[in-house]
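Visitor: Per UniProt numbering: the sequence shown ends with 569, consecutive numbering throughout.
Where a beta carbon is used, it is the ideal one built from N, C-alpha and C, also for glycine.
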Amino acid sequence: MLSNSTIFAMSKAAMEPKILVFLLLVSYSSALFNLALGAQTYQGKWKLLKRSIGISAMHMALLPNERIVTFDRTDFGPSNITLPQGKCMKDLQSSDCFAHSVEFDPATRAVRPLTILSDTWCSSGALSQDGTLVQSGGYRLGEKVVRYFKPCMDCDWEEDQNGLLSPRWYASNQILPDGKIIVVGGRYQFTYEFIPKASSSDQRLYQLPFLKETRYSPLVSNNLYPFLHLSTDGNLFVFANDRGILLDYVNNKVIRTYPVMPGGFSHNYPSTGSSVLLPLKLLSTDNENNTSTPDAEVLICGGTPPDSNEKANIGIFVPASRSCGRLIITAASPEWEMEEMPINRVMGDMIMLPTGDVLIINGAAKGSAGWGVARKPVLNPVLYRPGDNPSSDKNTRFEVLSPSMIPRLYHSTAQLLSDGRVLVGGSNPNMNYNFSALYPTELSLEAFYPPYLSSTKPRPSILAVRPGLKLGYKQKVSLEFTLEGNVNQGDVYVTMVAPSFTTHSIAMNQRLLVLALDEGVKKTPSGNYLVKGYAPETAALAPPGYYQLFLVHEGIPSKGTWVHIKQSS
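(1) Given that a residue counts as buried once 16 or more other Cβ atoms are within 10 Å of its Cβ, and exposed if not, what is S231?
(2) In three-state DSSP terms, what is L453?
(3) With contact counted as at least three CB pairs below 8 Å, one residue from each stretch, are the stretch 133 to 152 and the stretch 181 to 190 in contact?
(4) Please determine if the stretch 370 to 377 and the stretch 511 to 525 are in contact, where contact requires at least 3 C-beta pairs separated by less than 8 Å.
(5) Does the separation of the CB atoms of P544 and G44 fall below 8 Å?
(6) Hey, how far is the Cα of T70 from the Cα of E158?
(7) Where are the beta strand (DSSP E) runs, 3 residues long or more, that stay fully inside the UniProt domain "Galactose oxidase-like Early set" (459 to 565), in chain order?
(8) Measure the alpha-carbon distance for H553 versus F435 and round it to whole angstroms.
(9) Can you tell which of S418, D295, Y410 and V424 has the C-alpha that lies nearest to the C-alpha of Y439?
(10) So which of R51, Y529, L48 and E66 has the shortest CA-CA distance to L416?
(11) Which first and last residues belong to the beta strand (DSSP E) in which S124 is found?
(12) What is the rounded straight-line gap between the Cα of G533 and the Cα of V521?
(13) So what does DSSP say about N235, is it helix, strand or coil?
(14) Can at least three beta-carbon pairs, one atom from the stretch 497 to 514 and one from the stretch 440 to 454, be found at a separation below 8 Å?
(15) Can you tell me where the beta strand (DSSP E) holding K376 begins and where it ends?
(16) Should E335 go down as buried or exposed, given a rule of 16 or more other Cβ atoms within 10 Å for buried?
(17) Spatial neighbours of C122 within its chain, please: CB distance less than 6 Å, with the 5 preceding and 5 following residues excluded, ordered by chain position.
(18) Can you tell me which of N344, S444, S166 and Y547 puts its alpha carbon nearest to the alpha carbon of L469?
(19) Can you have a look at G292 and say buried or exposed, based on whether 16 or more other CB atoms are within 10 angstroms of its CB?
(20) Using a Cβ-Cβ cut-off of 8 Å (strictly less than) and excluding sequence neighbours within five positions of G142, which residues of its own chain qualify?
(21) If G420 sits next to K566, beta carbons under 8 Å apart, how far is it from one beta carbon to the other, in whole angstroms?
(22) Only counting runs of 3 or more residues, tell me where the beta strand (DSSP E) segments fall wholly within the stretch 180 to 267, in order along the chain.
(23) Do D156 and T115 have their CB atoms nearer than 8 Å?
(24) Using DSSP bridges, identify the partner residues of H59.
(25) Counting Cβ pairs, one atom from each stretch, are 3 or more of them under 8 Å apart for the stretch 254 to 265 and the stretch 211 to 218?
(26) To which residues does DSSP link E103 through a beta bridge?
(27) Pull up the distance between the alpha-carbon of Y269 and that of R322, whole angstroms please.
(28) Please state if the CB of V494 and the CB of L479 are separated by a distance shorter than 8 Å.
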């Protein structure tokens, strides 16, 4: 049976035979794929939120005011939404009065056009410690620009035309323990730098030869948009192509070199896999002077053979990788633990759910990232359950979930919302807005409802966080919550999720912590429940900034509550 969104799309496409045939083929292919997997039903469900937001959601971020800010590129040509007050973006060749950025309210589905004047194509970003979206780099006149968007009612983009020292196109960002943002790499840029430029050490470039050494070839890098993860010791894990290092970015020194990831695949753009830092399980401490640092473990999934992009450019679309690798980057002798996804995937987004599970969504089964060089859209998300033991229950870690009816290929995005849904948008493997191509430009936003939102189990609800929504490191925290029925004392935990900036299958700054609890759940005099624990101990575990706080009971998360953690003044 076709979904309501597909029926709507088909009726809208009745005057476009190519689009109608394409949608029918997608529906038929999805049905055959489902039969091939031998499954009759899947968990999870989809809902179309907005047929068109006016632009294609190439880059996406969730702000602490529950608004989504998304944008594509300013040289795509006319979008489907105009700029307010006739503002226009001007460059050396053209004038563009169409918006290429919007603010979206998931609660009301309202769209507000925003004004970006420089080209944001294939740029990077992160949420600063005060909740401002800091967005850097891009193409042509945007390659050295740093842009700021504050989470307020009528705010718009502010741009610093000389915010970067080096051009940054396909670079990656990460929040650091001191609140600064490190910007790493970019096309033909084998360096890193810091923003904002607050001190003399921020006014220089730092060489990183690793980025040059890991190129597949001068023309096909396979190491753009490197994966960055802040380790629990405060150093930076950097992964490019098929290998990683641990970087002491303060002293510009590589302090660890990790084994090559097995399998012979490349994992960064245009071979575009994805990566997450698995949940950091914080350990309780008996006193304020005692610290316990958890291990940091990275998961990397998907990618392609190294020459996949070259072959796709001449019409040969080779299967993407099914491999996933886990690496404990803090181990004394780290080794890759390999396993396989049930579906080949390139350009998949990996989103940390409040439960600590990983949602793998979007992408294709053949080809690579780039203009028109992917085939066989992967419509089924996959749920990955990390578990406590990397070598146990491998056969039960993956679960194939309900398929979307909308292909999400190159330039698609996904973002966790505070209510537990995952917002999905974008997909434009075309050089401009093209609605009659094999895979048309996609302007829609839809929501995926993970299985926990369809569970018959009761959902907990956070009533209060004490002493308040502003937390200090090591601070004792109490959560009062409600739950219909009795609490399972052995299956309650609290997670803290850092909001990510997502683009090109990389969720920059994504991070999930499982807070240490010091007592069991207790009943309050009013009949509610109370659980006590501790905020993270250090900024290396949780850089200062905004986090979504969730309480999970028997695998069902509450809605998230925003908390702000910062260093004591």
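Guide: According to the data block:
(1) Residue 231 sits at position 231 when you count from the first residue of the sequence shown. S231 is buried by the Cβ-count criterion.
(2) Taking the first residue of the sequence shown as 1, we reach residue 453 at position 453. Three-state result, L453: helix.
(3) Because the criterion of three Cβ pairs below 8 Å is met, the stretch 133 to 152 and the stretch 181 to 190 touch.
(4) Touching, no.
(5) Residue mapping note: residue 544 aligns to position 544 of the sequence shown, counting from 1. Residue mapping note: residue 44 aligns to position 44 of the sequence shown, counting from 1. No.
(6) Taking the sequence shown and counting its residues from 1, one reaches residue 70 at position 70. Taking the sequence shown and counting its residues from 1, one reaches residue 158 at position 158. Approximately 15 Å between the Cα atoms of the pair.
(7) 461 to 466, 476 to 482, 492 to 498, 501 to 503, 506 to 508, 511 to 514, 529 to 534, 545 to 553 and 561 to 565
(8) To locate residue 553, count along the sequence shown from 1; it is residue 553. To locate residue 435, count along the sequence shown from 1; it is residue 435. Computed Cα separation, rounded: 44 Å.
(9) For the purposes of this step, residue 439 is identified with residue 439 of the sequence shown, where counting begins at 1. Nearest of S418, D295, Y410 and V424 to Y439, Cα basis: Y410.
(10) Counted from its first residue, the sequence shown places residue 416 at position 416. The shortest Cα separation from L416 among R51, Y529, L48 and E66 belongs to E66.
(11) In the sequence shown, counting from the first residue as 1, residue 124 sits at position 124. Counting along the chain, the beta strand (DSSP E) containing S124 begins and ends at S124 to L127.
(12) Against the sequence shown, residue 533 aligns to sequence position 533. Against the sequence shown, residue 521 aligns to sequence position 521. Whole-angstrom Cα-Cα distance: 11 Å.
(13) Position 235 of the sequence shown, counted from the first residue, corresponds to residue 235. For N235, the three-state secondary structure derived from DSSP is coil.
(14) Touching, no, given that fewer than three Cβ pairs across the two stretches are closer than 8 Å.
(15) As a first step, residue 376 is located in the sequence shown; it is residue number 376 there, counting from the start. Its beta strand (DSSP E) spans residues A374 to P377.
(16) Residue 335 sits at position 335 when you count from the first residue of the sequence shown. Its Cβ having fewer than 16 others within 10 Å, E335 is exposed.
(17) Taking the sequence shown and counting its residues from 1, the one referred to as residue 122 is at position 122. Non-local beta-carbon contacts of C122 in its own chain, meaning distances under 6 Å to residues more than five positions away in sequence, involve W169 and Y170 in chain order.
(18) In the sequence shown, residue 469 corresponds to position 469, counting from 1. Scanning N344, S444, S166 and Y547 for the CA closest to the CA of L469 turns up Y547.
(19) By one-based count along the sequence shown, residue 292 stands at place 292. It is worth fixing the name first, because residue 292 is Ser in this sequence and not Gly. Its Cβ having fewer than 16 others within 10 Å, S292 is exposed.
(20) For the purposes of this step, residue 142 is taken as the residue at position 142 of the sequence shown. Annotation for G142: T74, S118, D119, T120, W121 and S123 place their beta carbon closer than 8 Å to its own, counting only its chain and skipping 5 residues before and after.
(21) Counting from 1 along the sequence shown, the entry for residue 420 is found at position 420. Counting from 1 along the sequence shown, the entry for residue 566 is found at position 566. About 26 Å separates the two Cβ atoms, so there is no contact after all.
(22) 181 to 184, 191 to 195, 227 to 230, 236 to 240, 243 to 248 and 253 to 257
(23) For the purposes of this step, residue 156 is identified with residue 156 of the sequence shown, where counting begins at 1. For the purposes of this step, residue 115 is identified with residue 115 of the sequence shown, where counting begins at 1. Yes, the Cβ-Cβ distance between D156 and T115 is below 8 Å.
(24) Looking up residue 59 in the sequence shown gives position 59. Its beta-bridge partners are F71 and T503.
(25) no
(26) For the purposes of this step, residue 103 is identified with residue 103 of the sequence shown, where counting begins at 1. Answer is V69 and R112, bridged to E103.
(27) Start at 1 with the first residue of the sequence shown, and residue 269 comes out as number 269. Start at 1 with the first residue of the sequence shown, and residue 322 comes out as number 322. The alpha-carbon separation between Y269 and R322 amounts to approximately 17 Å.
(28) Here residue 479 refers to the residue found at position 479 of the sequence shown. Here residue 494 refers to the residue found at position 494 of the sequence shown. It is a contact, given that the beta carbons lie within the stated cut-off.
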